[in-house]
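Trainee: The sequence shown: position 430 = 468 (my numbering), numbered continuously.
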Amino acid sequence: MRFSWLTAASKLDVNRSLLPAALDQAERYLKTRSAQPVVPNQAILDRLKNFDEPLPEYPSDPFEILSTLEIDGAAATVASTGPNYYGFVTGGTLPIALASRWISDTWDQNSALAVMSPIAAKLEGLVAQWLTELFEFPDETAVGLVSGSSVASLCALTAARDSLLERVGWSTQQRGLFGAPPLKIFAPDSVHSAIPKALRILGFGEEHIHSLATDGQGRIDPKNLPQLDAQSVLILQAGQVCSGAFDDFEQIIPAAQAAGAWVHIDGAFGLWAAASSRLRHLTRGIALADSCSVDAHKTLNVPYDSGIVLCRRPEALSRALTASASYLVTDHGRDGMMLTPEMSRRARGIELWATLKFLGRQGLSDLVEHFHHLAEQLRSLLKTSEYEILNEDGFNQVLLALKDDVATDRALALIQDSKEVWLSGATWQGKRVIRVSICNWQTEPKDITRLAAIMAKAAERAS
Ligand SMILES: Cc1ncc(COP(=O)(O)O)c(C=O)c1O
39 MRFSWLTAAS KLDVNRSLLP AALDQAERYL KTRSAQPVVP NQAILDRLKN
89 FDEPLPEYPS DPFEILSTLE IDGAAATVAS TGPNYYGFVT GGTLPIALAS
139 RWISDTWDQN SALAVMSPIA AKLEGLVAQW LTELFEFPDE TAVGLVSGSS
189 VASLCALTAA RDSLLERVGW STQQRGLFGA PPLKIFAPDS VHSAIPKALR
239 ILGFGEEHIH SLATDGQGRI DPKNLPQLDA QSVLILQAGQ VCSGAFDDFE
289 QIIPAAQAAG AWVHIDGAFG LWAAASSRLR HLTRGIALAD SCSVDAHKTL
339 NVPYDSGIVL CRRPEALSRA LTASASYLVT DHGRDGMMLT PEMSRRARGI
389 ELWATLKFLG RQGLSDLVEH FHHLAEQLRS LLKTSEYEIL NEDGFNQVLL
439 ALKDDVATDR ALALIQDSKE VWLSGATWQG KRVIRVSICN WQTEPKDITR
489 LAAIMAKAAE RAS
């Protein structure tokens, strides 16, 4: 018989039993998925065609839908929530982060305006305060919660652009960008592609972006800064995406700001090193920056998607991103939409608050030190292997290569084909490399021992 949601005896009853069914399914996933291959095999991928059908004419049974997700969907996920995934920079999910995310999804709060959700506004404000303290930014710092570092950088660079143009009497609000005085952007040649993308969206082309030579780790030389002025934006990195390297913020930022430049730090995963007294030397000086972007879905291990923009010039961020309309009620507290591009937004502050409260300063420090220790363990296990370790202290990143590109790519393919672990490659300073990114709370020393063994075996076969 055809299922009809309109005629179901009680929608509430369906909801009541559907949610426990989803919970059971989620628990089964968490228990079993990480014991299976990290990436799906071809037979599983072939089953994805079971999803192919035209948009159904009539409603479907929600229990059957859940069951389809379990049977044909769950196995086709990448087990990035488990301990054996080292690709890109993909954090896992702490149980409290997932549980509080479920609650916040159930509440389905719109965090655009405080009037739309007092609890979302309250927790977002608290998270903003905690993060400002954690990163030792000034109290007045504006903090926006967005989908990820790409958007966080977009927000920060919008504020930078408008603010620098404002200084020379050009209002982008009124006059837009056509005919605006030129700005110069300086970025390391190792900059993450999210930055040029954000700049393109903001109207900057390649000819506005000046690439700065970096050292073997992807860092700018503080003694060799370009000629900056009050029409310049300088991009720095707290955690280069391959090497994990940090720029020398303490040296560079005061010099750049003395020349009038706006300094933005892309700290997508590395900014969290500031939470550990042992690793804080890497981030020394970050709080001097005009703006920073950082992800919570990476090192902090909250679910996707969750990024943060911090801007120590609150008026610049809010002027760049504000919106007004007669129907918007804006006198009830923190209105998150005024610090972010979106209007309607899910209430990311809820799981951020829960996760930060769960960890506390100590737990956060333990988390980032855990990643660092595991990276150190891998380095030491592979020190006498055929791999050359290319990065120095890369926080949670280990960058390796074999004697030539062919061997490196072959080893990478062998490791990926094993499906026991997964990690990704890149081209680093003209050389093919293997990147290992350790940022999942579930990864333990025994997993790193296993990873090292798989990698060493692949190196032997590939060389
Ligand atoms: C250094 C760096 N910057 C920016 C990004 C982009 O972040 P997101 O994917 O959250 O937009 C990443 C993602 O890996 C990154 O590692």
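Here a beta-carbon is modelled for each residue, glycine too, at the ideal position from N, C-alpha and C.
Classify Ala294 as buried or exposed, calling it buried when 16 or more other Cβ atoms lie within 10 Å of its own Cβ.
Mentor: Residue 294 sits at position 256 when you count from the first residue of the sequence shown. Buried, since its Cβ has 16 or more Cβ neighbours within 10 Å.
Trainee: Which residues in the same chain as Gln63 place their Cβ atom closer than 7 Å to its Cβ, once the five residues preceding and following it in sequence are excluded?
Mentor: By 1-based counting over the sequence shown, the position of residue 63 is 25. So the list reads Leu104, Glu108, once near-sequence residues are dropped.
Trainee: Closer than 6 Å is what we want: which residues have a beta carbon that near any heavy atom of ligand 1? List them in chain order.
Mentor: Any residue whose Cβ sits closer than 6 Å to a heavy atom of ligand 1 makes the list: Phe126, Val127, Gly186, Ser187, Ser188, His230, Ala232, Gly277, Val279, Asp304, Ala306, Phe307, Asp333, Gly345.
Trainee: Only counting the same chain, and skipping five residues up and downstream in sequence, which positions put a Cβ closer than 7 Å to that of Ala225?
Mentor: Counted from its first residue, the sequence shown places residue 225 at position 187. Excluding sequence neighbours, Ala225 sits near Ile233, Ile247, Ser249, Leu250, Ile273.
Trainee: Using only alpha-carbon positions, find the residue among Leu68, Gly111, Glu102 that is nearest to Ala81.
Mentor: Translated into the one-based positions of the sequence shown, residue 81 becomes position 43. Comparing Cα-Cα distances from Ala81 to each of Leu68, Gly111, Glu102, the minimum goes to Gly111.
Trainee: Between Glu426 and Ser501, is the Cβ-Cβ spacing less than 7 Å?
Mentor: Here residue 426 corresponds to residue number 388 of the sequence shown, with the count starting at 1. Here residue 501 corresponds to residue number 463 of the sequence shown, with the count starting at 1. Their beta carbons are not under 7 Å apart, which means Glu426 does not touch Ser501 by this criterion.
Trainee: Considering only the alpha carbon of each residue, which of Trp466, Pro264, Val181, Lys469 lies closest to Gly387?
Mentor: The count along the sequence shown starts at 1 and reaches residue 387 at position 349. Here the closest residue by C-alpha is Val181.
Trainee: Answer yes if the segment 179-196 comes into contact with the segment 336-347, meaning at least three C-beta pairs across the two stretches below 8 Å, and no otherwise.
Mentor: Yes, the segment 336-347 is in contact with the segment 179-196.
Trainee: Please say whether Val459 and Leu489 have beta carbons closer to each other than 7 Å?
Mentor: The residue you call residue 489 lines up with position 451 of the sequence shown. The residue you call residue 459 lines up with position 421 of the sequence shown. For Leu489 and Val459, yes; Cβs fall inside 7 Å.
Trainee: DSSP beta-bridge partners for Gly182?
Mentor: Translated into positions along the sequence shown, residue 182 becomes position 144. Bridge partners of Gly182: Val347.
Trainee: In the DSSP output, which residue or residues are listed as bridge partners for His302?
Mentor: The residue you call residue 302 lines up with position 264 of the sequence shown. DSSP lists Ile273, Ser329 as partners of His302.
Trainee: Out of Asp286, Arg205, Glu498, Tyr342, which has the shortest C-alpha to C-alpha gap to Gly298?
Mentor: Position 260 of the sequence shown holds residue 298. Nearest C-alpha to Gly298: Arg205.
Trainee: May I ask which residues mark the beginning and end of the alpha helix (DSSP H) holding Gln400?
Mentor: Taking the sequence shown and counting its residues from 1, one reaches residue 400 at position 362. Counting along the chain, the alpha helix (DSSP H) containing Gln400 begins and ends at 386-420.
Trainee: What first and last residue would you give for the beta strand (DSSP E) that runs through Gly463?
Mentor: One-based indexing of the sequence shown puts residue 463 at position 425. Looking at the DSSP string, the run of the beta strand (DSSP E) that includes Gly463 is 462-466.
Trainee: DSSP three-state label for Ala225, please.
Mentor: Counted from its first residue, the sequence shown places residue 225 at position 187. In this structure, Ala225 counts as strand in the three-state DSSP scheme.
Trainee: Taking contact to mean at least 3 C-beta pairs separated by less than 8 Å, is the segment 373-384 in contact with the segment 450-464?
Mentor: Taking 8 Å as the limit for Cβ pairs, the verdict is that the segment 450-464 does not touch the segment 373-384.
Trainee: Can you check which of these residues, Thr337, Phe409, Thr210, Val189, is closest to Leu390 by C-alpha distance?
Mentor: One-based indexing of the sequence shown puts residue 390 at position 352. It is Thr337 whose Cα lies nearest to the Cα of Leu390.
Trainee: Can you tell me whether Lys469 is helix, strand or coil according to DSSP?
Mentor: The residue labelled residue 469 in the question sits at position 431 within the sequence shown. Three-state DSSP puts Lys469 in a strand.
Trainee: Identify which residue in Ile472, Gly432, Thr422 has its Cα closest to the Cα of Asp443.
Mentor: Stepping through the sequence shown from its first residue, residue 443 is reached at position 405. Comparing Cα positions, the closest option is Ile472.
Trainee: For the alpha helix (DSSP H) holding Ile103, just list the boundary residues, first then last.
Mentor: If you number the sequence shown from 1, residue 103 lands on position 65. Note, Ile103: alpha helix (DSSP H), 100-106.
Trainee: Enumerate in chain order the residues of its own chain whose CB-to-CB distance from Arg499 is below 7 Å, with the five nearest sequence positions on each side excluded.
Mentor: For the purposes of this step, residue 499 is taken as residue 461 along the sequence shown, with counting starting at 1. Answer for Arg499: Leu452, listed in chain order.
Trainee: So, at 8 Å on beta carbons, what are the nonlocal neighbours of Ala218 in its own chain, with the 5 sequence-adjacent residues on each side left out?
Mentor: Position 180 of the sequence shown, counted from the start, is the residue given in the question as residue 218. Taken in chain order, the residues that qualify are Leu203, Trp208, Thr210.
Trainee: Less than 7 Å between the C-beta atoms of Ile258 and Asp285, yes or no?
Mentor: Position 220 of the sequence shown holds residue 258. Position 247 of the sequence shown holds residue 285. Cβ distance < 7 Å, so Ile258 and Asp285 count as in contact.
Trainee: Does the distance from the C-beta atom of Ser456 to that of Ile486 stay below 7 Å?
Mentor: Translated into the one-based positions of the sequence shown, residue 456 becomes position 418. Translated into the one-based positions of the sequence shown, residue 486 becomes position 448. Cβ distance not < 7 Å, so Ser456 and Ile486 don't count as in contact.
Trainee: In whole angstroms, give me the CA-to-CA distance for Asn148 and Ser138.
Mentor: For this step, residue 148 is matched to residue 110 along the sequence shown. For this step, residue 138 is matched to residue 100 along the sequence shown. If I take the Cα positions, the gap works out to 16 Å.
Trainee: Measuring straight from C-alpha to C-alpha, what distance separates Leu309 and Tyr96?
Mentor: Locating residue 309 in the sequence shown gives position 271, where the first residue counts as 1. Locating residue 96 in the sequence shown gives position 58, where the first residue counts as 1. About 49 Å.
Trainee: Are Leu317 and Ala197 closer than 7 Å when you measure CB to CB?
Mentor: Translated into positions along the sequence shown, residue 317 becomes position 279. Translated into positions along the sequence shown, residue 197 becomes position 159. Going by C-beta atoms, Leu317 is not nearer than 7 Å to Ala197.
Trainee: Looking only at C-alpha atoms, which of Leu136, Phe307, Arg85 sits nearest to Ile433?
Mentor: In the sequence shown, residue 433 corresponds to position 395, counting from 1. Here the sequence assigns Phe to residue 433, which means Ile is not the residue at that position. With distances taken between Cα atoms, Phe433 lies closest to Phe307.
Trainee: Tell me the DSSP secondary structure of Tyr365 in three-state form.
Mentor: Here residue 365 refers to the residue found at position 327 when the sequence shown is read from its first residue. Note: Tyr365 maps to coil in three-state DSSP.
Trainee: Could you give the C-beta distance for Ile303 and Gln275, rounded to a whole number, given that I count them as a contact under 8 Å?
Mentor: Here the question's residue 303 lines up with position 265 in the sequence shown. Here the question's residue 275 lines up with position 237 in the sequence shown. Between Gln275 and Ile303 the Cβ distance is about 7 Å, and since that is below 8 Å, they are a contact.
Trainee: Using C-beta distances below 6 Å, list every residue in its chain close to Phe396, excluding the 5 sequence neighbours before and after it, in chain order.
Mentor: Here residue 396 refers to the residue found at position 358 when the sequence shown is read from its first residue. The residues are Ile134.
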